[in-house]
Every structure is written in structure tokens, then in C-alpha cells.
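Chemist:
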Amino acid sequence: MADSNMTKQPGRTGAGGMRRRKGHGPGGPGGKMMPGEKAKDFKGTMKKLMSYLAPHKFALLAVFIFAIASTVFNIISPTILGNATDKVVEGLMSGTGIDFAGLLHILMILLGMYGLCLLFGALQGWIMADVSQTVIYELRDAMSRKLDRLPLKYFDKQTHGEIQSRMVNDIETVNQTLSMSLTQMITSFTTIIGILIMMLRISVLMTVTALVVLPLSMIVIKLVVSKSQGHFKNQQKYLGYVNGHVEEMYTGHDIVKAFNREKESREVFDEYNDKLCEAGWKSQFLSGIMMPITQLIGNLAYVAVCLLGGYLAINGKVSIGDIQAFIQYVRSFNQPISQVANVANQLQSTAAAAERVFELLEEEEEVDLAKTPACSIEPSKVRGKVSFEHVSFGYETSEPVINDFSFTAQPGQRVAIVGPTGAGKTTIVKLLMRFYELNGGCIRVDDHDIKEFSRANLRQMFGMVLQDTWLNSGTIRDNIRYGRRDATDEEVEAAAKAAHIDHFIRTQPKGYDMEINEEANNISQGQKQLLTIARALLADTPIMILDEATSSVDTRTEALIQKAMANLMQGRTSFIIAHRLSTIRDADHILVMNHGDIIEQGTHESLLAQNGFYTNLYNSQFAEN
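Going by the working numbering, the sequence shown opens with residue 286, and the numbers climb by one from there.
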């Protein structure tokens, strides 16, 4: 059994039988749903987002110019069409007949404007698509790099689904705004200003009549936006919960089925899905009713303008062509207002999504204490002396896991660490790798404090073989080469032979080119473990960590793994965390831990002679067998 300190973190076991973390993951603190939140800092979030657009200011300027040009031509078109109408009316009313040559000239100008409008619109769309995709690429890249720099404690408090939601869903929301909403906003505002000027040129009275209802539209838009913001935030949050639950349940679906927890799993899913559906329905409903409401208000203005325009035309104050153009402007005026409303609504969703993205990007990183490492050692030159000096640590400051741990491993020594579950065995090696920072004391490698090394340099000194094997989708050769990317095929095969897995590999249809599937379930647990040993052998590190490497395999496979581990540990300082005490009889030194302290230490024989905790632990295992 693996040491419980591998997962000693705030959390609970969910209804589906899978562990759930507190914090921002599904269920929140105590397993209760957290109330809906609005973007904490809308202006600040949008300012940060705009900073990613700053390097593209010239491209955005071009977009702005093309948007204005396209809009101007589009705005002028109704006036030109009105001139064409006046040309026809003038010819009919005067009795001289229609001037078709003049009419054709006007229509050709109109056609040219429509063409230019199309051209400029296409250019602005092309440029903005390039800018938005570049910015989104940079954001995704920044998030990916950030995840590489985050400490393990961050992942202890976040579900996989929550992180995936930020990486995929939130980024896509931002992408939609950048690619569509930004140009739409420029076009809409330009259209509103341009149409307003043209309407005032035709008739101030008709313009005032059309604009009387505008404040009412703004009030409605503001009200709807304020109501929808929180629902969009909830929608993104619950989407992360659903993703996390689905990922957990279907990763461990065999365990769920084995314990007949399908019903509980569905209940948890239904709870999250109901919340997501509720938040999605409210946000989409509020978003959907905004345009119909603004259209209704616009139609009221349209009716008022028609009545007033007819009255003014009868009194000879405006021409029929002017009325036609003005009505087109009124119709066109409503559209950008509706678009602004939609964009405003979209910006709320974008702010909520971008805020979640920037929250991740601003998380405290796993940072070395010194910007310039005081020490840097080539792994091949590391002797392998490891000293623990009064080390203390707790995942939570109020709950210490390691109290006062002191021990020195000499170069080439095989050190076994044993003890009951929760004793702190795995925590020791996590601290050695600087996955977490110490609360007190220090750890030294070759008499240098590990804080003096960069994390990258420190971790080059260690090879790891864990109980929970990890293989990625790809060939067997690629998985072994993961330990050292520049290794030749011959070196890969030599490592496989030393790990006693070469024969198995060659019996497969494609040998070393056999593809391991995404779940890595097309090979047995023992074979996976031997592959991880081959990977560690290829890395050829001076210090080796083996954490419960034989705990989940059969006796025959265990014998193979023991032989492979013997080759792995040859000439290297090794730390062996073991549950099966029979596997560490040949260790040079055995540390017996309980409640974060070393309570006994020595060789296998000397510990048995003490007839203490180790003896009882050893005898209980054989009594069980």
C-alpha cells in the first residue's frame, strides 16, 4: 500500500467513491456549492487583457481604420439611394421624364460603395482573426508554462476538470470576444455616430423623435447586463465542476462499478449538471431577451418617425428621398445598438473567463530562493551523500507530518524507509525533490543545501520509480526514452534488458514500436513497472528513489522487478520506500518511521534483534501470509 502522505491534503471522498479536493474544486469547502460570483475586478481584468493586445497596436489601428471606412461607406449609401429616389420622383412630378443616365450614374456610385464596404470589412476581419489567434496562442502558452512552474500544493487544491476548464473553456470564451466582439464594437460605435450625423443633417426634429427612446434602451441593457454577469460566472464555474466529475468517474469507472457506486456518481453528476443547466439557462435567457427588447423599443421609434416624416413631407420640409433615407437610418440605428448590447453581455462573460485565466497566471510559483543558484553540479559528478538535518514539515502548518527528522545517507548506500501508512515515508522523498518547501531544518546533497541548487539541477540528480506508474500514449521506445531524450535505440534496448523487460517487448507484434494506448491498459501493471525502471535506468542518475515499486504486482513479477531494481540501484545512493519488508532485507540501512519521527534504525538483522516496532511489523506481515 502506498504511503498516505502521497495524497495527504485537504479533501474528501465523493459520492462516486473518488477523492474530491476542497478549495475551488467541485463542492467547495465542506462539499457545499459556493454562491455565484461576479468578476471581482472588471476594469482590471479587461486592462490585463488589453495588455496582450498592446504589441499588435498597429494591426489594431489598421482594423480601426478599415472598420471606420467600411462603416462610412455603409452609412452614406442610404443617402445616395435617397438621391436616386428623388431623381425618380422629380422626373415623374415634372413631367419631363426620368433621367436614366443620371440615375444610372448614382446607382453605379452606390454599387462601388457597397463593393468598398465589402472589401474593407473582409480586410478588417482577416487582420483581427490573425491578431486574436496570436493573442490566444500566447495566453495558452503562458498558461501551459505557468502550470509547469506551479508547486504541487496548487494541484492538491484543484481538480483536473477545473484546470481543464480554465485552459479550454475560458480561453475559448476570450477567443470569441477577441475575434468577433472587438471589431463588432468598433463597427457599432462608428455606425451609431455616423448615422446620428446623417440623421441630424436630414432633420433635427425627426432625429430627436427617434432618440427619445434611446435612454430607455440603455437602462434596459444596463439592467440585463448586471443581472447576467453573475450567471455567466456561475456557468463557467459549474462547467469546471462537471468536467472534473466526468474525468474522475470515467478514469476510475471500473472502481465505481466494482463498488456499485453508479447511483451515487449519477447523483453527484445530476447535482452539478442541474446547477450548470440553471446557470446556463439564466445567462442565455437574459442574453437572448436583450435583442428583442431593444428591437421593440426601436420599432416604437420607427413608428413615431414614419408619422412625423409624413407630416413634414406634406408641408414640404423634407423630400420623399430624405424620408426613405431617414427610415433606413432608423432601422440601421437599431442594429448597432443591439450589437452593443450583445457585446456588453459578451464582455461580462469574457471578464469572468479572463479573470479565471489571470488568477491561474498570477498564482504563486515554485520559485528558487536565489535568482542565481549558488551551486550547480553535473549529475555525473554527484557523489550521492544525502543529509537530513532536523527537518520538519506539514502540508498544513497546523498539522505537522514530519517533526524532527535527521539522518545521513552515505554515497552508494541503500536506505530503506518503512513504517505504517501515514508515517511520513513518501513525504520525505517529496521534500528531497523540493516538491514542497521545508518548515524547518535543511536537506543537503554532497554537503550543499538543496536550496542552493536550481530545482532543475537538483532534479537531474534523482531518478524515480513510483507505485503509480505513468506512461504516456506513444511507443514503448518513446516511453523508455522519456528518461533521456537523446538516448540512442541501442541505449534504450540496453536499459530494457537491464530492467528484464526486453523479452516481453520483443514478443509483441511491433516490438519496441508497440503503441501504448491513452489509458496504458494494453499492458499489465508489472510490465508497466518494469518499463518505468527501464526509463530510470536510461536516465542514469546518481540518486534513486523507489516508492512502493513492487506493491501491486504478483510474486513472479515481483522477482523480476527485484532483479531490475538491483541493477538500478547498483553504485547509486538509493531510497527505498517499502511496504513488503521482505523486499528490503539487503538494505544497508533501514529507517523505521512512525508519526513523522524515526523511532528505530539499523540493518534488518539488528532491528529484528531489538524485538521492537520493526520486529512486530515484520512478524505481522508473515503472520498475514
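Note that beta-carbon positions come from the ideal geometry of N, C-alpha and C, so glycine has one too. Computed from a prediction, not measured in an experiment: that's the story for all the values here.
Buried or exposed: where does G389 fall if 16 or more other Cβ atoms within 10 Å of its Cβ makes it buried?
Modeler: Along the sequence shown, read from residue 1 onward, the residue named residue 389 stands at position 104. Here the sequence assigns Leu to residue 389, which means Gly is not the residue at that position. The residue in question, L389, is exposed, as its Cβ has fewer than 16 Cβ neighbours within 10 Å.
Chemist: Quick check on the burial criterion: 16 or more other C-beta atoms within 10 angstroms. Buried or exposed for L396?
Modeler: The residue labelled residue 396 in the question sits at position 111 within the sequence shown. By the 10 Å Cβ count, L396 comes out exposed.
Chemist: Mind checking T706: buried by the 16 CB within 10 Å criterion, or exposed?
Modeler: For the purposes of this step, residue 706 is taken as the residue at position 421 of the sequence shown. Result: exposed.
Chemist: Count the other CB atoms within 10 Å of the CB of R857; is the residue buried (16 or more) or exposed (fewer)?
Modeler: Your numbering for residue 857 matches position 572 in the sequence shown. Buried.
Chemist: Just to confirm before moving on: does the CB-CB distance between L408 and F358 stay below 8 Å?
Modeler: Here residue 408 refers to the residue found at position 123 of the sequence shown. Here residue 358 refers to the residue found at position 73 of the sequence shown. Not in contact: L408 and F358 (Cβ atoms no closer than 8 Å).
Chemist: Over what stretch of residues does the alpha helix (DSSP H) that includes C402 continue unbroken?
Modeler: Taking the first residue of the sequence shown as position 1, residue 402 is located at position 117. That run of the alpha helix (DSSP H) goes F385 to R434.
Chemist: Keeping to the same chain, check which residues put their C-beta closer than 8 Å to that of G679; ignore five residues upstream and five downstream.
Modeler: Taking the sequence shown and counting its residues from 1, the one referred to as residue 679 is at position 394. Hits under 8 Å: P685, V686, I687 and N724.
Chemist: Just mark D732 as buried or exposed, buried being the case when its beta carbon has 16 or more other beta carbons within 10 Å.
Modeler: For the purposes of this step, residue 732 is taken as residue 447 along the sequence shown, with counting starting at 1. Flag for D732 reads exposed.
Chemist: With hydrogens ignored, establish whether the beta-carbon of T773 is closer than 7 Å to any heavy atom of the ligand ZN.
Modeler: With respect to the ligand ZN, the structure offers nothing, as it holds no ligand at all.
Chemist: Buried or exposed: H309, going by 16 or more other Cβ atoms within 10 Å of its Cβ?
Modeler: By one-based count along the sequence shown, residue 309 stands at place 24. For H309, the predicted structure reports a pLDDT of 36, less than 50, and the residue's modelled location is therefore unreliable. A value from the coordinates is still provided. So H309 counts as buried.
Chemist: Just tell me which of I365, K431, G768 and V489 has its CA closest to the CA of L593.
Modeler: What you label residue 593 is simply residue 308 of the sequence shown in a count that begins at 1. Of I365, K431, G768 and V489, the residue nearest in Cα terms is V489.
Chemist: Please state whether DSSP places S859 in a helix, a strand or coil.
Modeler: Taking the sequence shown and counting its residues from 1, one reaches residue 859 at position 574. In the structure shown, S859 sits in a strand (DSSP, three-state: E or B).
Chemist: Using three-state DSSP, classify L581 as helix, strand or coil.
Modeler: Here residue 581 refers to the residue found at position 296 when the sequence shown is read from its first residue. Note: L581 maps to helix in three-state DSSP.
Chemist: Is it true that the CB of S464 sits closer than 8 Å to the CB of S417?
Modeler: Looking up residue 417 in the sequence shown gives position 132. Looking up residue 464 in the sequence shown gives position 179. Result yes, Cβ atoms of S417 and S464 sit closer than 8 Å.
Chemist: Apply the 10 Å Cβ neighbour rule to G601 and answer buried if 16 or more other Cβ atoms are within range, or exposed otherwise.
Modeler: Taking the first residue of the sequence shown as 1, we reach residue 601 at position 316. That one is exposed.
Chemist: So if DSSP puts H874 in a beta bridge, which residue, or which two residues, is it bridged to?
Modeler: Taking the sequence shown and counting its residues from 1, the one referred to as residue 874 is at position 589. In DSSP, H874 forms a bridge with V700.
Chemist: Measuring only the C-alpha atoms, how far is R451 from K442?
Modeler: If you number the sequence shown from 1, residue 451 lands on position 166. If you number the sequence shown from 1, residue 442 lands on position 157. Looking at the two C-alpha atoms, the distance is approximately 15 Å.
Chemist: State the Cα-Cα distance for the pair E552 and N558, rounded to the nearest angstrom.
Modeler: The residue labelled residue 552 in the question sits at position 267 within the sequence shown. The residue labelled residue 558 in the question sits at position 273 within the sequence shown. Their Cα atoms are separated by approximately 10 Å.
Chemist: Which same chain residues, not among the five before or five after T900, have their C-beta less than 8 Å away from its C-beta?
Modeler: By one-based count along the sequence shown, residue 900 stands at place 615. Excluding residues within five positions, the ones whose Cβ falls inside 8 Å are L892 and L893.
Chemist: Whole angstroms is fine: what's the gap from E890's alpha carbon to G768's?
Modeler: Residue 890 sits at position 605 when you count from the first residue of the sequence shown. Residue 768 sits at position 483 when you count from the first residue of the sequence shown. Taking the straight line from one Cα to the other gives about 36 Å.
Chemist: Can you tell me whether DSSP reads R769 as helix, strand or coil?
Modeler: In the sequence shown, counting from the first residue as 1, residue 769 sits at position 484. Residue state, collapsed to three classes: coil.
Chemist: Opposite V750 in the DSSP bridges: which residues?
Modeler: For the purposes of this step, residue 750 is identified with residue 465 of the sequence shown, where counting begins at 1. Answer by DSSP bridge pairing, in chain order: L831.
Chemist: Give a yes or no on whether the minimum CB-CB distance between Q461 and chain D is below 8 Å.
Modeler: No chain D appears in the structure shown, which is made up of a single protein chain.
Chemist: Can you tell me whether L346 is buried or exposed, with buried defined as 16 or more other CB within 10 angstroms of its CB?
Modeler: Your numbering for residue 346 matches position 61 in the sequence shown. With fewer than 16 Cβ atoms within 10 Å of its Cβ, L346 is classed as exposed.
Chemist: What's the C-alpha gap between A701 and L435?
Modeler: By one-based count along the sequence shown, residue 701 stands at place 416. By one-based count along the sequence shown, residue 435 stands at place 150. Their Cα atoms are separated by approximately 30 Å.
Chemist: How about the stretch 711–728 and the stretch 660–668: do they share at least three Cβ pairs that are nearer than 8 Å?
Modeler: Short answer: they don't touch.
Chemist: Taking DSSP as the reference, what is the three-state secondary structure of H785?
Modeler: Sequence index remark: in the sequence shown, residue 785 carries index 500 (1-based). Here H785 sits in coil by DSSP.
Chemist: Return the Cβ separation of F860 and N879 in integer angstroms, given the expectation that the two are a contact with Cβ distance under 8 Å.
Modeler: Counting from one through the sequence shown, the residue named residue 860 turns up at place 575. Counting from one through the sequence shown, the residue named residue 879 turns up at place 594. About 18 Å separates the two Cβ atoms, so there is no contact after all.
Chemist: G252 bridges to which residues according to DSSP?
Modeler: Because the chain spans 286 through 910 in this model, residue 252 falls outside it and cannot be assessed.
Chemist: Our contact map puts A639 next to L334 with C-beta atoms below 8 Å; I'd like the distance itself, whole angstroms only.
Modeler: Within the sequence shown, residue 639 is the residue found at index 354, counting from 1. Within the sequence shown, residue 334 is the residue found at index 49, counting from 1. Sure, about 5 Å apart at Cβ, within 8 Å.
Chemist: Is DSSP giving I662 helix, strand or coil here?
Modeler: One-based indexing of the sequence shown puts residue 662 at position 377. Residue state, collapsed to three classes: coil.
Chemist: In whole angstroms, give me the CA-to-CA distance for Q620 and M503.
Modeler: Reading the sequence shown from its first residue, position 335 is the one you call residue 620. Reading the sequence shown from its first residue, position 218 is the one you call residue 503. About 14 Å.
Chemist: In the DSSP assignment, the beta strand (DSSP E) including D689 goes from what residue to what residue?
Modeler: To locate residue 689, count along the sequence shown from 1; it is residue 404. I687 to A694 is the span of the beta strand (DSSP E), which, as asked, contains D689.
Chemist: Identify every residue that forms a DSSP beta bridge with G759.
Modeler: For the purposes of this step, residue 759 is taken as residue 474 along the sequence shown, with counting starting at 1. G759 pairs with I801.
Chemist: Can you tell which of L501, I574 and G479 has the C-alpha that lies nearest to the C-alpha of P363?
Modeler: On the sequence shown, position 78 is the one that residue 363 refers to. Answer by Cα proximity: G479.
Chemist: To the nearest angstrom, report how far apart V642 and I456 are at their CA atoms.
Modeler: Taking the first residue of the sequence shown as 1, we reach residue 642 at position 357. Taking the first residue of the sequence shown as 1, we reach residue 456 at position 171. Whole-angstrom Cα-Cα distance: 7 Å.
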